[in-house]
Amino acid sequence: MSETSPRRIVIGDVHGHYEGLMTLLEAIAPTSDDQIYFLGDLIDRGPHSSQVVNFVKRHNYSCLLGNHEQMLLNILTNERTSSPTMQAWLYSGGQATVASYHEASIPDDHLDWFKSLPTYLDLGDIWLTHAGVDPSKSVTEQTADQLCWIREEFHSIEKPYFPDKLIIIGHTITFTLPGVSPGKLAQGQGWLDIDTGAYHPKSGWLTGLDVTNQLVYQVNIFKDYLRTLPLEDVVIRVDPAKIKVDRRNKN
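Residue 1 is where the sequence shown starts when you use the UniProt record's numbering, and the numbers rise one by one after that.
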């Protein structure tokens, strides 16, 4: 298979699965000319969040703010955090993150790095963000909460948000969208979701997308299985009319 280089590689939600990430990157074999982008949610749920953060930070890879990094920051940098809020984060995978750090202490340099993460990256023909955009608002009106948390209002759009850019997202596990099976990518109107649920027992797939060559690299966390496929063989188109939107609870 002939490939073009340098490449732009986008990696979905890792969720603390360091060994799976190492296997995935070994298969991708990035060179110094390639650009690597992480869509956020490096942490929580999996056993090695601190190692994942150390790796991405040390290599100076581009990374977006995910809702799990946002939850961590909201809790650890807010002196008024309530006990229920703390418990909700711990239940959502935060306990595994805390346990992955020496003496359960997240260092200041990691917290500062989380604070520095952008909520989106505009790469010209592709636009990266963790969850999506509020389709009723301009780019400048988007909030961090919307870019990190939004789901149905974005997935159900009937025409692309950008006329000339593909929005690549994570956040929502693809098999939770109508007609998409575990391990498949989901494509809607002007967007592509590559969060295939690395931590989820129904999936286990961690995905890296070579945008340049339209290739998908995937490792299964639970089965220690690796595959590389053309994007067209892995992507499923989602019918926006089949996505239910709860207007009372937008996110």
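We put the CB at the ideal spot given by N, CA and C, even for glycine. Treat the numbers as computed from the prediction; the structure is a model and nothing was measured.
Item	Value
CB contact flag (residue 117, residue 129, <8 Å)	no
Same chain, Cβ closer than 6 Å to residue 248, five either side skipped, listed in chain order	Because the pLDDT of residue 248 is 37, which lies under 50, any placement of that residue in the model is unreliable, and the number read from its coordinates should be weighed accordingly. Same-chain partners within the cutoff: there are none.
Inside the region 128 to 176 only - alpha helix (DSSP H) runs reaching at least 4 residues	144 to 149, 152 to 155
Nearest residue (CA-CA) to residue 115, options 23, 83, 65	65
Given residue 122 as reference, the closest of 78, 29, 204, 164 once Cα atoms are compared	164
Those residues which DSSP pairs with residue 192 across a bridge	168, 187
Cβ-Cβ distance between residue 179 and residue 235 below 8 Å	no
Distance, residue 156 Cα to residue 251 Cα	Note that residue 251 has pLDDT 34, beneath the 50 cutoff, so the model's placement of it is unreliable and no number is given.
Secondary structure of residue 44, DSSP reduced to three states	coil
Inter-stretch contact (C-beta, 8 Å, three-pair minimum) for the region 90 to 101 and the region 168 to 177	no
According to DSSP, residues forming a beta bridge with residue 220	205, 225
Buried/exposed call for residue 104, threshold 16 Cβ in 10 Å	exposed
Of the listed residues 69, 201, 183, 131, nearest to residue 222 (C-alpha basis)	201
Burial state of residue 60 (16 or more Cβ within 10 Å)	exposed
Of the listed residues 244, 10, 205, nearest to residue 227 (C-alpha basis)	205
Distance, residue 219 Cα to residue 23 Cα	7 Å
Cβ-based neighbour list, residue 181, same chain, cut-off 7 Å, excluding 5 preceding and 5 following	175
Segment contact flag, the region 6 to 23 with the region 35 to 43, C-beta cutoff 8 Å, min 3 pairs	yes
Range of the contiguous beta strand (DSSP E) that encloses residue 235	235 to 237
Pairwise C-alpha distance: residue 150 and residue 189	16 Å
Per-residue burial, residue 87 [other beta carbons within 10 Å of its own, 16 or more giving buried]	exposed
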